[in-house]
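Protein chains in written order, with our numbering: chain A, 203 to 290; chain B, 5 to 507; chain C, 4 to 323; chain D, 35 to 158.
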């Protein structure tokens, strides 16, 4: 169990660093979402199911949705798509 | 008489309730609810002050069924009640003074949101003042931050939104650090109530355990609260936030919000960690140095500033430097001076903001320093208000600023270590700098403008009976300033007594 | 085979309407499904060009390394200083951690008489089987009331920023929203019609069992809010507004917060003055038990669900 | 370095995460990244708190079969605090995101430096 927990913790650190260094906003947000999910798994391992439920619903669910709408509102998704088109 | 013990709790709950109810009513009703609420809060807290003075000691109010280490608690002493009453008075006056401007600058559909923000802001200030529990303090610090952000943003132009982003980022960083310090303290002591943490800390210091984490926790909390209250190196967000928001917001932010955090820091020093322990660490020295730097740098920035509102905002940086300098002295006299300066600065700075708005209004809405020429004649009452505020900030006798400067000097002279000389020198330099920019402005508003210019630019004059509410507000502020300046003895007595009850 | 009834009557037949509804051709309330072609989302060429030009000019000026001394200074100095600052912070915090009491040690200061009482006497004193819920809603009730108010204030702040008045602006925003959001997407609607009821039921379950199992008002409310968000994004605002518009939102929010506030005030004041509390605790383990916890959980759940939905709606179209 | 760094490895990771969040907040100019950095900082603190309660062999504080023994359950206080904190942080990030939308609508950029430059150009 401890090994599993350590792997998850390592994953958290990797996620946090890659959020900071990823070029695209959409990628950062997706990584942040998975960060929240991993965090809620760790909380289950730490015997705090209340937190796990709340984090899964609030952190990974609602917060990420809000991030996505913001991206949509600021047209970042379109621009990224255009960039991709141009690259191809 | 014992019913008075309920009043702190009742006043906080009333504020939150009226905030909630306000969200469902129209603007007019919202205004009445807000005014009634603030009046009630002032009365309730004044009664609490009377009660604590009569009994001569502080009382603890258990929120719920469960006492000390298990449940939440409020604690009311003379100092807390004084602060709460004073905050209520300043908020009332600031709202009255800025009311006309609020109508001009803010979309009427959003007025009730504005009143919600002020109600909740008052609740959070009261809770910060009265709470005896660190985690409750954290929650209400967040409420305070969010509602302050709302107050900045209510007038929507690019500047205020940009300012509110900066404000939010800085103060969220601050509350993150505060929460971190709180968690470390919880881990070391196993308590969240201030008095219990204090006992545990005494215990672990006696055994010499965990000294490094304790020092770091205190340090982190200090940095967090210093960021939130705009101490010198962290003041980047302040000028825009104070300079461009609507005038009531600027007055409330500068005189109340940062003061709430400073008061919380004071409570942490006295009630959580214990002042003797703090004095032994180097944190006070750091605060002292940053306070001194802030006093100088704030004044210098204010001298260079051409925009009158931003000038007043930069002067706030200097005044917050004074307050931290007083803490940094590490003596009871220094702390008393700081607390008195909190009161004096709150009364003066909101007066300055509100009278400055009267002056800019009669100068074609321009905030530039040069356009203000002769505005003191066009709006006489605002001119008088601004002069009183400036004199008080500079530290002319009879006004409130003088007393606090005197107290600072006294504390410096009585100080045993080598902090006396730098304090006195910086105090003198800062007073001179204050005098330069404030007197420059006062002279400018009383230099008569050429009649042709007045006609060309279309400046109008305000007759004395025209803006009744505004006039009354300025008069009240002036009286408050004079009161603090001339009747300082009883207030200092209350502060000393409250500090005595703190421990 | 000829029909006994005419074509028109046949179309009004309940079974036909049901079949059409299932296959996604008609909407039982609004008639035929509107299938709007997705319009091009990009603004017209001229404004975009103007923005681009503006953008490049500003970018050039901001990053004009040659002429902008401050920027050059920051480029060289700020980043390194910030990196150093972060590393120092991490080092200090790691040092702190290394001196903290051992986590897994049962005798660390955190496991003192406070935690002990919450566990050993919590069930008798609060009636809640779940000690966490019992603790945050009775022992430390004031914190939690403050927290609910944080949500309330945040919604008001978002309203200050994003709420649009009735009129042209709002209409423009509605159209803008229609451009970006999928309209009557068959896959999304089918999945939502299966998932939404399940999500709602799960949310209600979590709220009602807050004192018995993990969860409570906050998590249940967030789950319900997420369900509502799914419903809106599948079926659009028009349908949602039939049962959840601004009036309903206001009533729900104010009544939930007021109920919580009244219960809280009653609890604080009676508790502090030593007056006997008349709310029965019930038998621990039953749904209808644990005194003030259940009603507070319901109120909190309602408030959180409303808040989450309000955030979403305000973000998307500037109104509820 | 003190003696307990290895035993407190979860806390150590939490502190590193806090530092990374702080780094993102300070160094990235993009507002959305700053907001994510703030969120990472907050979650790191919550991880720190939650791990403080954990003791191997004890279970979550939900009373089973009426056994009310301290030796059996973990400390419920950190969970309660974190629960409060999560809700605070979601409302704060919603607020920050709405400010971001407003700023973008006005200035068509998310970069704080560029926004300051535009403000200077406006000369407001």
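C-beta atoms are modelled at their ideal positions from N, C-alpha and C, and glycine is treated no differently.
Task: Start-end ranges of the beta strand (DSSP E) lying completely within the region 18-69 of chain B, minimum 3 residues - done: 63-67
- [ ] Please compile the residues from chain D whose C-beta is within a distance smaller than 7 Å of the C-beta of residue 159 of chain B.
- [x] Here residue 159 of chain B corresponds to residue number 155 of the second chain, with the count starting at 1. Near residue 159 of chain B there are no residues of chain D at all, since even the closest Cβ is about 12 Å away, more than 7 Å.
TODO: Consider the Cβ of residue 212 of chain A: report whether some Cβ of chain C lies at a distance smaller than 8 Å.
DONE: In the first chain, the residue the question calls residue 212 of chain A occupies position 10. Chain C contact via Cβ: absent.
- [ ] Go to residue 249 of chain A, then tell me how far its beta strand (DSSP E) extends in each direction, as first and last residue.
- [x] Position 47 of the first chain, counting from 1, holds the residue named residue 249 of chain A. Segment: none, residue 249 of chain A is in no beta strand (DSSP E) and carries neither H nor E.
Task: Buried versus exposed, by CB contacts within 10 Å (16 or more), residue 107 of chain B - done: Working through the second chain from its first residue, we reach residue 107 of chain B at position 103. Its Cβ having fewer than 16 others within 10 Å, residue 107 of chain B is exposed.
Open item on the list: Counting only C-beta atoms, is residue 255 of chain A closer than 8 Å to chain C at any point?
Closed with: On the first chain, position 53 is the one that residue 255 of chain A refers to. At least one chain C Cβ lies under 8 Å of residue 255 of chain A.
Open item on the list: Does residue 120 of chain C come out as helix, strand or coil in the three-state DSSP assignment?
Closed with: Within the third chain, residue 120 of chain C is the residue found at index 117, counting from 1. The answer is helix: DSSP assigns residue 120 of chain C an H, G or I state.
Open item on the list: Only counting the same chain, and skipping five residues up and downstream in sequence, which positions put a Cβ closer than 6 Å to that of residue 80 of chain D?
Closed with: To locate residue 80 of chain D, count along the fourth chain from 1; it is residue 46. Only 116 and 119 meet the Cβ criterion.
- [ ] Return the chain-ordered list of same chain residues with a C-beta closer than 7 Å to the C-beta of residue 183 of chain B, the five sequence neighbours on each side being excluded.
- [x] Stepping through the second chain from its first residue, residue 183 of chain B is reached at position 179. Counting only Cβ-Cβ distances below 7 Å, and skipping sequence neighbours, we find 142.
Open item on the list: On the criterion of 16 or more Cβ atoms from any shown chain inside 10 Å, does residue 269 of chain B qualify as buried, or is it exposed?
Closed with: The residue given as residue 269 of chain B occupies position 265 in the second chain. When all chains shown are included, residue 269 of chain B counts as buried.
Task: Secondary structure of residue 447 of chain B, DSSP reduced to three states - done: Position 443 of the second chain, counting from 1, holds the residue named residue 447 of chain B. Helix at residue 447 of chain B.
- [ ] Return the chain-ordered list of same chain residues with a C-beta closer than 8 Å to the C-beta of residue 127 of chain D, the five sequence neighbours on each side being excluded.
- [x] Counting from one through the fourth chain, the residue named residue 127 of chain D turns up at place 93. These residues qualify, in order along the chain: 69, 72 and 73.
Task: Three-state secondary structure (DSSP) of residue 123 of chain B - done: Translated into the one-based positions of the second chain, residue 123 of chain B becomes position 119. Residue 123 of chain B: helix per DSSP, three-state reduction.
TODO: Put residue 526 of chain B into one of helix, strand or coil per three-state DSSP.
DONE: Past the edges of chain B, shown from 5 to 507, lies residue 526 of chain B, and the structure says nothing about it.
Task: the region 98-120 of chain D: positions lying closer than 7 Å to chain A by Cβ - done: 108, 113, 116, 117 and 120
Open item on the list: Please report whether the beta-carbon of residue 141 of chain D lies at a distance below 8 Å from any beta-carbon of chain B.
Closed with: For the purposes of this step, residue 141 of chain D is taken as the residue at position 107 of the fourth chain. With 8 Å as the cut-off, residue 141 of chain D counts as an interface residue toward chain B.
Task: Straight-line gap, residue 292 of chain B to residue 277 of chain B (C-alpha atoms, nearest Å) - done: Taking the first residue of the second chain as position 1, residue 292 of chain B is located at position 288. Taking the first residue of the second chain as position 1, residue 277 of chain B is located at position 273. The alpha-carbon atoms of residue 292 of chain B and residue 277 of chain B are separated by roughly 18 Å.
Open item on the list: If we require 4 or more residues per run, which alpha helix (DSSP H) segments fall completely within the region 176-259 of chain B?
Closed with: 198-211, 215-232, 242-248 and 251-256
- [ ] Select from the region 116-138 of chain C all residues with a C-beta closer than 8 Å to any C-beta belonging to chain A, and list them in chain order.
- [x] 133, 135 and 136
- [ ] With DSSP collapsed to three states, give me the class of residue 377 of chain B.
- [x] On the second chain, residue 377 of chain B is found 373 positions in, with the first residue counted as 1. Coil, per DSSP.
Open item on the list: Just to confirm, is the Cβ distance from residue 263 of chain B to residue 179 of chain B under 8 Å?
Closed with: The count along the second chain starts at 1 and reaches residue 263 of chain B at position 259. The count along the second chain starts at 1 and reaches residue 179 of chain B at position 175. The answer is no: Cβ separation not under 8 Å.
Task: Cα-Cα separation, residue 299 of chain C to residue 227 of chain A - done: Indexing the third chain from 1 puts residue 299 of chain C at position 296. Indexing the first chain from 1 puts residue 227 of chain A at position 25. Taking the straight line from one Cα to the other gives about 39 Å.
- [ ] Within the region 60-118 of chain D, note down every full alpha helix (DSSP H) run reaching 4 residues or more, in order along the chain.
- [x] 65-87
Open item on the list: Can you confirm whether residue 188 of chain C, when its beta carbon is compared against all beta carbons of chain D, has any partner nearer than 8 Å?
Closed with: Locating residue 188 of chain C in the third chain gives position 185, where the first residue counts as 1. Residue 188 of chain C does not count as touching chain D.
Task: Pair within 8 Å by beta-carbon distance, residue 126 of chain B and residue 87 of chain B - done: By 1-based counting over the second chain, the position of residue 126 of chain B is 122. By 1-based counting over the second chain, the position of residue 87 of chain B is 83. No; because the gap between Cβ atoms is not below 8 Å, this pair is not in contact.
- [ ] Residues of the region 264-278 of chain C with a CB closer than 9 Å to any CB of chain B: list them in chain order, please.
- [x] 264, 265, 267, 268, 270, 271, 272, 273, 274, 275 and 276
Task: Residues sharing a beta bridge with residue 145 of chain D, DSSP - done: In the fourth chain, residue 145 of chain D corresponds to position 111, counting from 1. DSSP, once it has assigned bridges, lists D/64 as partnering residue 145 of chain D.
Open item on the list: Give the list of continuous alpha helix (DSSP H) stretches no shorter than 4 residues that lie fully inside the region 119-171 of chain B.
Closed with: 138-157
Open item on the list: Taking CB distances under 8 Å as the criterion, tell me whether residue 229 of chain C reaches chain A.
Closed with: To locate residue 229 of chain C, count along the third chain from 1; it is residue 226. It does: the Cβ of residue 229 of chain C has a partner Cβ on chain A nearer than 8 Å.
Open item on the list: Please return the same chain residues whose Cβ sits closer than 6 Å to the Cβ of residue 192 of chain C, not counting the five positions on each side in sequence.
Closed with: The sequence position of residue 192 of chain C within the third chain is 189, counting from 1. Cβ within range, chain order: 237.
Open item on the list: Let me confirm a value: residue 42 of chain C is counted as buried when at least 16 other C-beta atoms fall within 10 Å, else exposed. Which label applies?
Closed with: Numbered from its first residue, the third chain carries residue 42 of chain C at position 39. Any answer about residue 42 of chain C is weak, because its pLDDT of 46 lies below 50 and its placement is not dependable; what the coordinates show is given next. Classification of residue 42 of chain C: exposed, given that the 10 Å Cβ count is below 16.
TODO: Using a cut-off of 9 Å between C-beta atoms, extract the partners of residue 280 of chain C located in chain B.
DONE: What you label residue 280 of chain C is simply residue 277 of the third chain in a count that begins at 1. The contacting residues are 69.
- [ ] Give me whichever residues DSSP pairs with residue 311 of chain B in a beta bridge.
- [x] Residue numbering aside, residue 311 of chain B sits at position 307 when the second chain is read from its first letter. Answer is B/372.
Open item on the list: Tell me which residue opens and which closes the alpha helix (DSSP H) that residue 259 of chain C is part of.
Closed with: Position 256 of the third chain, counted from the start, is the residue given in the question as residue 259 of chain C. Its alpha helix (DSSP H) spans residues 249-275.
Task: Alpha-carbon to alpha-carbon, residue 271 of chain B and residue 228 of chain B - done: Stepping through the second chain from its first residue, residue 228 of chain B is reached at position 224. Stepping through the second chain from its first residue, residue 271 of chain B is reached at position 267. Roughly 15 Å separates the two Cα atoms.
Task: Alpha-carbon spacing of residue 136 of chain D relative to residue 165 of chain B, whole angstroms - done: Residue 136 of chain D sits at position 102 when you count from the first residue of the fourth chain. Residue 165 of chain B sits at position 161 when you count from the first residue of the second chain. In a straight line, the C-alpha of residue 136 of chain D is about 8 Å away from that of residue 165 of chain B.
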